Structure formats: structure tokens, C-alpha cells
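Notes follow the structure.
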Amino acid sequence: MMETEQQVRLNFLEEAEALLDSLESVLLQLSTVAVEKEHLDLALRAAHSLKGGASMMGFNLLSQVAHRLEDFLKIIRVHYQNQLVKVEVETLLLQGLDALRQISQFHQQEQEIDFIWLDQKVDPIFEQLTEYLGELKSEDEDALLSQEEEVNPALLMFENGVETLLQRLEDQLNLLEPEQLYDELITISEQFIDFGLMAEVEPFIDLSQSVKEQLSFITIEEVFSFAQEALETWQKSHALITLGRFNNLPRTVDFSHNSSVELNLLDELQALENLENNQLKDISFSELASSMLGEETFNDLQEAFNQQIEEKRDPFEATENTENKANIKQNKRKFRISNEQISAFNRLFEDLILEKNSINFRVDQLKSFMTLMRQRIQQLEDSNTLLRRWYDAVSLKSKLPQLVTASSQLISANVTLSPLKRNFQEHFDVMEMAQYTDLHLISQEQMETIVQLREVTTDIDLGLKELTQTVGDFNQTTNFLYDNLIRSQMRPFGEITQRFTRVVRDLSIQFNKTVKLEIEGENILIDSSALDYLNDPLIHLLRNAFDHGIEDQETRLEMGKTPEGTIKIEASNRGNQTIITISDDGRGIDLNKISSRLISQGMSKEQVELLSEQELLNQIFEPGFSTAEKISELSGRGVGMDIVKTNLTEIRGEIDVNSKLGLGTTFTLTVPINLSVLRVMIVESKGMVFAIAADTIKGVIQLNTEENTVIWGDTRISVFNLPENIHFSRPNKPFTMTETPMINRSIALIIEDGDSFRGVSVDRFWVEKDMTVRPITTPIPLPPGFNQSIIWGDGRVIPLVDLAEWVNSFDHNAQTINTIEDNNPLIPQTSTILVVDDSINVRRYLTIMLNKAGYQVEEAKDGQEAVDKLFNGLQVNAVISDLEMPRLDGYGVLEVVKQNDKFEQLPIIILTSRSQEKHRKLAINLGASAYFSKPYTEQKLLDTLERLLSS
Numbered sequence: 003m004m005e006t007e008q009q010v011r012l013n014f015l016e017e018a019e020a021l022l023d024s025l026e027s028v029l030l031q032l033s034t035v036a037v038e039k040e041h042l043d044l045a046l047r048a049a050h051s052l053k054g055g056a057s058m059m060g061f062n063l064l065s066q067v068a069h070r071l072e073d074f075l076k077i078i079r080v081h082y083q084n085q086l087v088k089v090e091v092e093t094l095l096l097q098g099l100d101a102l103r104q105i106s107q108f109h110q111q112e113q114e115i116d117f118i119w120l121d122q123k124v125d126p127i128f129e130q131l132t133e134y135l136g137e138l139k140s141e142d143e144d145a146l147l148s149q150e151e152e153v154n155p156a157l158l159m160f161e162n163g164v165e166t167l168l169q170r171l172e173d174q175l176n177l178l179e180p181e182q183l184y185d186e187l188i189t190i191s192e193q194f195i196d197f198g199l200m201a202e203v204e205p206f207i208d209l210s211q212s213v214k215e216q217l218s219f220i221t222i223e224e225v226f227s228f229a230q231e232a233l234e235t236w237q238k239s240h241a242l243i244t245l246g247r248f249n250n251l252p253r254t255v256d257f258s259h260n261s262s263v264e265l266n267l268l269d270e271l272q273a274l275e276n277l278e279n280n281q282l283k284d285i286s287f288s289e290l291a292s293s294m295l296g297e298e299t300f301n302d303l304q305e306a307f308n309q310q311i312e313e314k315r316d317p318f319e320a321t322e323n324t325e326n327k328a329n330i331k332q333n334k335r336k337f338r339i340s341n342e343q344i345s346a347f348n349r350l351f352e353d354l355i356l357e358k359n360s361i362n363f364r365v366d367q368l369k370s371f372m373t374l375m376r377q378r379i380q381q382l383e384d385s386n387t388l389l390r391r392w393y394d395a396v397s398l399k400s401k402l403p404q405l406v407t408a409s410s411q412l413i414s415a416n417v418t419l420s421p422l423k424r425n426f427q428e429h430f431d432v433m434e435m436a437q438y439t440d441l442h443l444i445s446q447e448q449m450e451t452i453v454q455l456r457e458v459t460t461d462i463d464l465g466l467k468e469l470t471q472t473v474g475d476f477n478q479t480t481n482f483l484y485d486n487l488i489r490s491q492m493r494p495f496g497e498i499t500q501r502f503t504r505v506v507r508d509l510s511i512q513f514n515k516t517v518k519l520e521i522e523g524e525n526i527l528i529d530s531s532a533l534d535y536l537n538d539p540l541i542h543l544l545r546n547a548f549d550h551g552i553e554d555q556e557t558r559l560e561m562g563k564t565p566e567g568t569i570k571i572e573a574s575n576r577g578n579q580t581i582i583t584i585s586d587d588g589r590g591i592d593l594n595k596i597s598s599r600l601i602s603q604g605m606s607k608e609q610v611e612l613l614s615e616q617e618l619l620n621q622i623f624e625p626g627f628s629t630a631e632k633i634s635e636l637s638g639r640g641v642g643m644d645i646v647k648t649n650l651t652e653i654r655g656e657i658d659v660n661s662k663l664g665l666g667t668t669f670t671l672t673v674p675i676n677l678s679v680l681r682v683m684i685v686e687s688k689g690m691v692f693a694i695a696a697d698t699i700k701g702v703i704q705l706n707t708e709e710n711t712v713i714w715g716d717t718r719i720s721v722f723n724l725p726e727n728i729h730f731s732r733p734n735k736p737f738t739m740t741e742t743p744m745i746n747r748s749i750a751l752i753i754e755d756g757d758s759f760r761g762v763s764v765d766r767f768w769v770e771k772d773m774t775v776r777p778i779t780t781p782i783p784l785p786p787g788f789n790q791s792i793i794w795g796d797g798r799v800i801p802l803v804d805l806a807e808w809v810n811s812f813d814h815n816a817q818t819i820n821t822i823e824d825n826n827p828l829i830p831q832t833s834t835i836l837v838v839d840d841s842i843n844v845r846r847y848l849t850i851m852l853n854k855a856g857y858q859v860e861e862a863k864d865g866q867e868a869v870d871k872l873f874n875g876l877q878v879n880a881v882i883s884d885l886e887m888p889r890l891d892g893y894g895v896l897e898v899v900k901q902n903d904k905f906e907q908l909p910i911i912i913l914t915s916r917s918q919e920k921h922r923k924l925a926i927n928l929g930a931s932a933y934f935s936k937p938y939t940e941q942k943l944l945d946t947l948e949r950l951l952s953s
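Counting along the sequence shown from 1, when you hit position 161 you're at 163 in the working numbering, and nothing is skipped either side.
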């Protein structure tokens, strides 16, 4: 299903979050670590990508604010290398980052942005940054460009001088007469040679020398064409030198007239070489060619011949330098997948599991049928054997009187037999001369049929074994796919903790309290959905640890502690659960304050005294409970703790607290490693089979069928029967299980219901295993607690029941809203456009735009992939490429592709955030057909594309 523009725009906002995280990680170090070029370049790239992508997606305000932030980063990049930035500047930059996050959230929620908020909250940030850093100037841009490209002074003079002369030649090309143009080319060639000598660029020197020498061979009519060819070659060479790419610089002008002459002469040289190999063994080829052509002419042609051989090599050899090889090793890139896409993957995989289970079920049926077939054939064979024996016995009985009569006649005749006849008589069996009856023939045919059936059975058995092996491989592949799918939905714990450093830093400055944050287990993988639920609880616990856990410096010194407090966050895996702890070395939780608070809320002193320490600590998770003496921005160990627990309950998580007065507090959060897989108990009650989440069952008690209550601990609790409270409009079809139940008697499952416990009766407990959970989507109202299901091994669906919801919400009806997306028919495709950009959302946005305009689209995630696709046979009519990309950028695409004669006329449009004229000229000189800087007009881009394709 093709994504809509709005979906792509929202996906870009998710990508923007990653860019903002990368930007924040750099900004947090500016006041503590001297500015390093490499780190700040990461921030600049993130801001630049955000600016360009937001502009393309139509988030103009996000693009503008990112542009303003990028300008100040450029100032720091130019003027503050190897220096520390003031804390005030760092704070303002972080506030600008926060403004970008807020704007992004407005766009995600499709809210209108209040311009009053911009005037009051955003503009003052950049005004203060201007007071500290000043405005970005054009010389700063030039200096930045020089720093990026590491251009030495000689090369800088070369670039500026050559650019001026090339511009002069381009302006005068159509104005000068042929004789004047001839003289101008001579003059410029000599000047270019001087510039090349100054910058020590030998290929450019050779190119200019070649132009000067070839001028002596061309006619006056060819001057204009030759000047155009020389100008384009010089421009390309200048662009490559400006970009620092010296590996494949042109050394000669490929003028058509001279090329044909050289090729003819080279053919003659090749013929002479063949002559040398076959007939002139004693004559040196070099001497012969020199004597025929002259030494100077021969040297020039030999160099041209070597150059042509060099140009016939694989075009990729020129680009595979050490840097590109290193980049190829780092080709493992991370990418983000939206929650909608993850859900789609899960649904597709669940369908695959369903089909796999169905195949396995049918294979098992075939095996059973095969076993039955062998038994039936054996029975048939046994029956046929008995039939033959019966027939033989009957046949022998009927022949016996004849045999007796014949023997008597021989004896009475007293016939003397010859030895031969006597021997025949001794070995002669009267039965051998018997006639075969119809019954015998039918029996014989049946035996032959049985033999044929055995042969067929053997073939089927062999085929079934092969099928079983194939299905086994399929199951193994499916399991491997499942493991990788689950892993793809996992995200490192560090994705949410990377912002915590910023939180602690801001709080330390705001409240003048020195606190160190330690984080361990950042690479522990957690389900992406669980990670989203964990963000707010962890932030809340972190702020509480800072506010009411860590003491001020004076108090810590009086208690013999270090003046700097420590908060530690640690994540680890234990079995199928992730354990997250947040601990501090602060004052701990005062149990006396909790007791006093409970008494003030109406609990008697005697009741409070009966509570254990752990039960007292658990009171902080009750709604509205707080021991804070005053309300403040961070107040109240306990305020909001009920929300923390509620959020964890949503993902089947738990939270525990442990505290020692004066030593500190530790919160322990336990969450499932993966939310897509659930450990379930399969139980049966009144012929109805259903699944229950195993972690919701607190205990199992044997149940007397006549009882409606059981004793759990010291409390008698009531027991409910699930099917008795569910009324079906038609008889319930029994669900037959093939396994043997683990418990084949009535039991009560104990569940927690707030502060109390409830029991649910079942007749038998079948098995406990990990299963994939699927939602039940239906417009029909479902019974309470019936909104999910699992798929059993044979493909049958088993409802997954939330017992707590069922017990507490008998009047609840689940409602499901089906969203139907409108799919527009595809527009007939004509030309194919290759879109090259390292942002997947930018590629998708351009794809949607081009598809709507009637184009077919191919995509490449960077320049190297685009070049690979083109040189491997991909047929496209045009290319739209970004400039800044990993592995091979847009300049590299132009350089490599335009060297190949096959793609000489291929239109390549550059679409980039680089709006400087210098970048535009470099791209045009390398062969770009058009250059668009973001923001751009879609219609203008489409008009340009149509013009290029029709020309």
C-alpha cells in the first residue's frame, strides 16, 4: 500500500527526533569540552539535514528555526575551535533545541503554532545568542567552506583566479570573432598553466598545455567548437580540484576532430606493433615508429594511447580510494521504523505463523493417514493370503478323487513303465495339470494390486519424508525470521536515557546543586512500545531523586558525604524480563513521615503500626499520596508515583522501592523484554478453552466443585466461573485439545484486584507456553476482557481473557473502529526517475510527488548505491540527487556518471539545502542539468524535469 503524503511527513518528524538527539548530544559538551571540529560537524550536519528535510515536507517554521540554530553553530565552528563555550551560550543553544522539539510536537499533533508563543519564547533565544555570538557573515561562510574542504592558500588562490578567468571566457565566448577567440584561448591557457604551477596541480597544467598545443592543429572554423569543449573541460577540472578530488582529473581536451585523427594514427601504430611481433623480430617497434612519425609526434601519440587505455578501465577504479573503502566497511546504518509499520509487520508475520501452523497440522494429518494406509494394506494382504489358502484347500479336495482313480487304473493294468516314465510319474503332481478357476484369477489380480499399492505407498512415504524435511526447514526459517523480527522491534535503552544528562544538567544549574548521573546498560534492548511507556516514569523518578533524594552540599558535608550527589540508572536482562533500577545516595525515605501522613488521612495508629516497612514504602504508589511539606516544581516524593505505577501496568510491568534513611533510595522497575510474546496458561472451563496471561496469576488452589470460595493466605475469597457469565446466541462448539492436561481437575486461579484478590474456577489446566498475541477486530461488542487472542498450533483461535477486566467490568463493551483507507488507482507510469537521498522520508516524499505527476520512481539511499544501480543496468530517464550523502555524495555521482559516455545525456538534477552560488557552480560544472536549493517550488521542479526529458 502506497503511503500518503501526510504519512511520509509524519515519518519525517520521527526522523527529526533522531536528528535532534544527535544535535543535543553535541551541545551538552560545549561548555565542558573544547570545541572539536569533528563533533561540531555532526551537529551542523544534523541541523542542516533537519532544515532541508523540514523545508521539503512543508514544515517551514521548523526549517526556519533549524536554519537559525545552524547559523550560530557555524559561528562557533569558525571562531571557537579548541575553546570552551560559555555556559550561558550552551544553555541558549539547548533552549533553541527545545523550541525545535516543541515545534515538531505541534506538527505531530497537527496543532496550529501560536505566533505569540514564537515572539515570546523562541525569538528571545536567538536574540540573546546574537548578543553573545554576533551575526553570521559571508566571510564566516567562506571560512567554513575552506575549513570543510581543507584548502591551502595556494589552492584557494588557484580556485579564485581560475574561476574568474573561466567566467570571463564564458561571457566572451559568443561575443568574440574567431581570431580574437583564438588569441583569448592562447592567453588563458598560459595563465592557467601559471596557476597550475603555483598550486602544483600537474593534471591541470597538462590540460592547459594540451589546449595550447591543439590550437595549432585546428582550423579557424573549428575555433568556436574547440573553445566550448575546452571551457567545459576546464570547468569540470576546476570543480573537481575545488572539491579536493585529484584522482581523475582530465589531462587533455577530447575534441572530436583531433580524436578521430589520433584514433586513425593509433590504428596504424597497432598495425605496426602486429608487424613487429610477426615479421620484424630484429627491429625495435619504438625505433620504427619514431623513424616513421618523428620522435616528438610519436611521444605525443604514445601518451595519448596510454591515456585512452587508462580511460577504458572500470570507472569505479577512480573512485575506490582509501576513504571510500573505509566508508564501505561502515555501511551498517541504523534506521527507524514507525509504530504503524511495526504493527503491519506483526500482522503479516502472524498470518505467516497461522499458515505455518496450518501446514504443520496438515502434514501431521498426512502422517496419520499414511500410518492408517499401511495398516489397511497389511490387513488386505493378510486377507488375500487367507483367501489363497482357502482356495488351495478347496481345490485340492476336489482333485483328490481323480488322483485316486488314476492311480488304481495304473496298478490294475500292471503296466511296466520305462525308467523315464517311472521318473515322470514319481515327480508328477496331478494339481499341476489343474485348470485355473475365476476365483483363482481374481485372487491373483488382488495380490498384484496389493503389490502395486505397496509400491505407491513407498513412493508416498518417500515424498512425505521429503515434505516433512522441507516443512522442517520452513519452520526453522520462520523461527529465525521471527527472532529477527522481534529484534527489529527492540531499541536500546540508551535512546531514552541520552536525554537524562540534559535533565540533570539543567536542574543542577537551576537549583545550584551538583549531581552526577551514571548510566549503565545503555545497549540493553527493550521492546520499542515498552520504551515509549518507560520515558515518563523514568523522568519522574529522576526528577524526584534529584529534588528529594539528593541533599544540598552543606547537608551532605555535615553527614560526611561527598559534596556531589550521585544518581545511577542501570538496565539489565534477567530471563525474559528487563530490570531497570534508579538509585541515589541521598537522604532516603522517612518512614515516620509516611506513617504520619497515613494517620492524617484517617488510618488509625494501630493499623499503621501493623504495616511492615515494605508495606509502608508501597504507600507512596497510592493516588494522591505525598510526604512533601510544600508544593514546588519538583515537590513530593510520591506525587505522581501512582501514575508511574499505572504506566508500568499498561506494559505488564511492576515497580518496587527500597530505601535506607540517610543512605539513599532504589526504585526497581521490571518489564517484559518483548510485548509481542506473552507467556500464557491454556485452561478449560465448561468445555470452553481460553488463554490467560501467566504473570497475572498470583496462585493456583485445588477447588472443590461444590464450593464458591477458597482460602488464600488468611483471607477467604470468592470464586467466579467464567462461562456462566457469558451467554452465547448459539451453542458453543467444543474445542478439542490433543495434548494431555497438566492438571485434570478443578482449580481456582487467584488474580489481584486492586487491594484484594479474586478467584476464577477452571476445570483443567492444559499447558503453559509463549505465544504471539493478536487483537480481535470486530464491530460486534465483545464480552468484558475479550479483546485479544492467540493462535493455537493447528491454526485455531483461542481467546485471551483479561480476568481482572472481566471480573470488574461486566457492563463494559469493547468497541473496535475499523479504518478504511482509500486507495487511488495508480497513474500510468512513463519515464523512470532515480531519486537519490540518504533520508528515507525525503525519498518517499519525492516518490509520492513524482508518482502523482505520472512518473515511475527508483530509489537509492546514497550516491554509491545510485552509481551501482546505473552501472548494473538500471534504466532511468533522469536522476534527482541530494548533495550531502554518506559513501558517495552528489558531486561524486556527477563525476562518476558523467565520465561514462552512456550517461552523458542523462539529466541529473541536484536538490539540496546548499543554497550558496559556489555549490551551484560546482554542480553545474560537473554536469548537473539543474540545481534546486530547499525550499523549492514543486511545480518548478516538475516543469524543469519535463523540459529536460523532452529535450
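Even for Gly, the Cβ is constructed at its ideal location relative to N, Cα and C.
Because the structure is a prediction, the values reported are computed rather than measured.
Task: Burial state of T254 (16 or more Cβ within 10 Å) - done: buried
Task: Beta-carbon separation (whole angstroms), A49 vs L75, contact threshold 8 angstroms - done: 6 angstroms
Task: Any 3 or more C-beta pairs closer than 8 angstroms across the stretch 835-848 and the stretch 797-811 - done: no
Task: Beta-carbon proximity check, I694 vs V702, cutoff 8 angstroms - done: no
Task: Nearest-angstrom beta carbon gap, G929 and L951 [assumed within contact, 8 angstroms] - done: The Cβ separation is near 17 angstroms, so there is no contact.
Task: Segments of 4+ residues assigned as alpha helix (DSSP H) that fall wholly inside the stretch 577-664 - done: 593-602, 607-612, 615-620, 643-652
Task: Whether I653 touches V682 by CB criterion (8 angstroms) - done: no
Open item on the list: Pairs of beta-carbons, one from the stretch 91-99 and one from the stretch 16-30, closer than 8 angstroms: are there three or more?
Closed with: yes
TODO: At 4 residues or longer, and completely inside the stretch 435-516: list those alpha helix (DSSP H) runs for me, N to C.
DONE: 440-490, 496-499, 502-513
Open item on the list: Give me the residue from F513, D475, R376 with the minimum Cα distance to V453.
Closed with: R376
Open item on the list: In the DSSP assignment, the beta strand (DSSP E) including I675 goes from what residue to what residue?
Closed with: Neither: I675 is in no beta strand (DSSP E) and is coded neither H nor E.
Task: Segment limits, beta strand (DSSP E) that includes S720 - done: 717-723
- [ ] Identify whether I699 lies in helix, strand or coil by the three-state DSSP scheme.
- [x] strand
Open item on the list: Quick check on N84: does DSSP put it in helix, strand or coil?
Closed with: coil
Open item on the list: I need the DSSP call for V89, collapsed to helix, strand or coil.
Closed with: helix
Open item on the list: Beta-carbon within less than 6 angstroms of F206's beta-carbon, same chain only, minus the 5 sequence neighbours each way: which residues are those?
Closed with: G198, S239
- [ ] Pull up the distance between the alpha-carbon of K647 and that of R247, whole angstroms please.
- [x] 59 angstroms
- [ ] Report the rounded CA-to-CA distance for T774 versus D538, giving the unit in angstroms.
- [x] 27 angstroms
Open item on the list: Count Cβ pairs between the stretch 170-190 and the stretch 106-119 that sit closer than 8 angstroms; are there 3 or more?
Closed with: no
Open item on the list: Tell me the residue span of the alpha helix (DSSP H) that contains P236.
Closed with: Residue identity differs from the one stated: residue 236 is Trp in this sequence, not Pro. Element bounds for W236: 225-244.
Open item on the list: Pop quiz: G54 and K936 are said to be a contact at Cβ under 8 angstroms. What is the actual Cβ separation, rounded to whole angstroms?
Closed with: 5 angstroms
TODO: Starting from F194, follow the alpha helix (DSSP H) in both directions and report where the run begins and ends.
DONE: 180-201
Open item on the list: As a quick exercise: from V80, H81, S51, Y82, pick the residue whose alpha carbon is nearest that of V67.
Closed with: S51
Open item on the list: According to DSSP, T711 sits in a beta bridge with which residue or residues?
Closed with: S720
Open item on the list: Whole angstroms are fine: how far does the CA of I78 sit from the CA of R954?
Closed with: Because the chain is modelled from 3 through 953, residue 954 falls outside the range shown and cannot be assessed.
TODO: Kindly list the residues whose CB is nearer than 8 angstroms to the CB of G496, restricted to its own chain and excluding five residues on each side of it in sequence; keep chain order.
DONE: I521, E524, N525
TODO: Measure from the alpha carbon of Q9 to the alpha carbon of each residue in E112, N927, A547, L455, then state which is nearest.
DONE: E112
TODO: Grab the span of the beta strand (DSSP E) containing E770 for me, first residue to last.
DONE: 766-777
Open item on the list: Which residue wins for smallest C-alpha separation from V764, given the options E754, S748, S758, E770?
Closed with: S748
Open item on the list: Nearest by alpha-carbon distance to Q448: which of D384, L943, D121 is it?
Closed with: D384
Open item on the list: With a threshold of 8 angstroms between beta-carbons, can L382 be considered close to chain C, or not?
Closed with: Looking at the structure shown, chain C is missing, and only one protein chain is on hand.
Open item on the list: At the level of alpha carbons, what is the spacing between L21 and L908?
Closed with: 33 angstroms
Task: D884 vs G892 beta-carbon contact at 8 angstroms - done: yes
- [ ] State the start and end residues of the unbroken alpha helix (DSSP H) segment that holds E204.
- [x] 204-216
Open item on the list: Quick check: the Cα distance between A328 and G865, rounded to an integer number of angstroms?
Closed with: Unreliable positioning characterises A328 in this predicted model, as indicated by a pLDDT of 39, which lies under 50. The coordinate reading is nonetheless provided below. If I take the Cα positions, the gap works out to 15 angstroms.
TODO: Could you check if W392 is buried or exposed, using at least 16 other CB atoms within 10 Å of its CB as the buried criterion?
DONE: exposed
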